[in-house]
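See below for the structure under consideration.
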Amino acid sequence: MEKNCHEQSLAANIEYSMGLPEARALALTCELCQHRMQTVADLLLLTSDTRPVRTASLSVFGESVARCRETVASRTRGLTVLLRDLAALIHRDTATGIQEIRVCIEEICDLVVSLTECCAHAGYLLAVLQDGSCPEIPGPVDRYQLCRAAAETEHKTGLLKTYRLRTVTALQLTDICISVTEGANVLTDVCLKAADEAPEDNLQEQFRLCLKSVAAAVNTFCGSIKFLKDRPTETNYRACQVFGEALTTACNALAVFATQDSSLTGTGAKLSQTGRDTLHAVLSACMGVVSPCVLVCAVVHDLATVISSGSYKGDGKEEKAVMRVQQCQAAVVRSASKLGQALGNGTDQR
């Protein structure tokens, strides 16, 4: 009997120690997702520059507030379910369910980004419907498109630091390549147009040089991924991470350069007081959903950090984390109700 107990304890310790690298990866995933959600919120919810959101996923909505409203309702329901599932996963056993928790965090992040974009777009549409409001005058450069593309590139290349050579799959590597290529295409398409419309020759030339820099960085990064698939070694894996950092730097530099000239970014909408109040109600309610989700990432990050440090003893930290996640879920439910009311204001005339 005593021998069996010893063997079970030994097996548990081995399983726990094997989970330490996964815990570090979970902590880094939480940091990446938290940064991604905050970046999108900063660009769309905390800015006074009022514009529609132009992304591939929102292009089908056009100027329909009703379709945005339906999508927002769907996203908030999805977040509620994911937060409930996350609390259950932590309660079950954080140390052995790390991979499932990590997937849940990534799904929460994806939904929050989609929700934020949809709310910002719907808020703009409702605001410009109000008497006295005038829509934006677009320029060749869409600030959010560029910044989002650069941020997504940073997020995807950052994921390489959360994987390990022996566990990363060819599908995950391919997904990263596809995502960074799509982001580079967005940057390239927008900036080619901006280069053609730039008022000065020097500015046009600088755009073209920036585009060459991004194209070279993308090709180098994707080439390193292909080489890694053929020869999976730690040296080649590290090369992918280094080239990913270089790609992120090039994309961020282009996004900053392209959006600093107001003559290329156009003019935001001019809103009446009613329009501003309408927009504020939507964005504030959306922030009420985003903030608890960012906090959830911080809660899970802290728990994962404790586990990865080797000092984890299961001394009530999981219970506290579960309680905080449940509190965040309740906050999301309350804010989702306010968000629904805010999106119900105004008349969808288009």
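So in the working numbering, spot 197 of the sequence shown is number 200, and the numbers just go up one at a time.
Every residue gets a Cβ at the ideal spot worked out from N, C-alpha and C, and that includes glycine.
Fair warning: this is a prediction, and the values are worked out from it, not measured in the lab.
Would you kindly work out how many angstroms separate the C-alpha atoms of Asp52 and Gly343, rounded to a whole number? Asp52 and Gly343: Cα-Cα distance of roughly 23 Å.
Assigned secondary structure, Thr223 (DSSP; H/G/I helix, E/B strand, else coil): helix
Measuring straight from C-alpha to C-alpha, what distance separates Ser67 and Leu128? 8 Å
Skipping 5 residues on each side, what residues in its chain have a beta carbon closer than 7 Å to that of Val336? The answer, listed in chain order, is Thr83.
Would you tell me roughly how many angstroms separate the C-alpha atoms of Leu49 and Ala198, rounded to the nearest one? 29 Å
What does the Cβ neighbour count give for Gln102, buried or exposed, with the cut at 16 atoms within 10 Å? exposed
Under the rule that 16 or more other beta-carbon atoms within 10 Å means buried, what is Ile140, buried or exposed? exposed
Do Leu85 and Cys107 have their beta-carbon atoms positioned less than 7 Å apart in this structure? yes
Take the Cβ of Glu208 as the centre, count every other Cβ of all protein chains shown within 10 Å, and call the residue buried at 16 or more, exposed below. exposed
Under 7 Å between C-beta atoms of Leu61 and His124: yes
Any non-hydrogen atom of the ligand NAD within 6 Å of Cys71 CB: The model depicted lacks the ligand NAD and carries no ligand whatsoever.
What residues match up with Gly186 in a beta bridge as DSSP calls it? In the DSSP output, where bridge partners are listed per residue, Gly186 has none listed.
Whole angstroms are fine: how far does the CA of Gln244 sit from the CA of Asn254? Looking at the sequence provided, one finds Cys at residue 254 rather than Asn. Their backbone Cα atoms lie some 15 Å apart in a straight line.
Reduced DSSP secondary structure (H/G/I, E/B, other) of Pro141: In the three-state DSSP reduction, Pro141 falls in the strand class (E or B).
Around the C-beta of Pro202, are 16 or more other C-beta atoms found within 10 angstroms, so that it is buried, or is it exposed? Classification for Pro202: exposed.
Contact check, Leu1 vs Thr238, beta carbons under 7 Å: There is no way to answer for residue 1, as the model of the chain reaches only from 4 to 353.
Taking the straight line between their C-alpha atoms, what separation do you get for Ser338 and Ser77? 14 Å
Check the C-beta distance from Gly142 over to Leu35 and give it rounded, since I have them as a contact under 8 Å. Contact flag wrong, Cβ pair sits at about 31 Å.
Backbone secondary structure at Thr427 - three-state DSSP: Since the first residue shown for the chain is 4 and the last is 353, residue 427 is missing from the structure and cannot be characterised.
Please identify the residue among Ala307, His94, Ser312, Val299 whose C-alpha is closest to the C-alpha of Ala30. The candidate whose alpha carbon is nearest that of Ala30 is Ala307.
For Asp351, the three-state DSSP class (helix, strand or coil): Because Asp351 carries a pLDDT of 45, less than 50, the predicted location of this residue cannot be relied on, and no value is offered for it.
Which whole-angstrom value is the C-beta distance of Ala272 and Ala345, which I expect to be below 8 Å? With a Cβ gap of about 18 Å, Ala272 and Ala345 do not count as contacting.
C-beta contact flag for Ala249 and Thr165 at 7 Å: no
Gly269 - partner residues in DSSP beta bridges: Pro141
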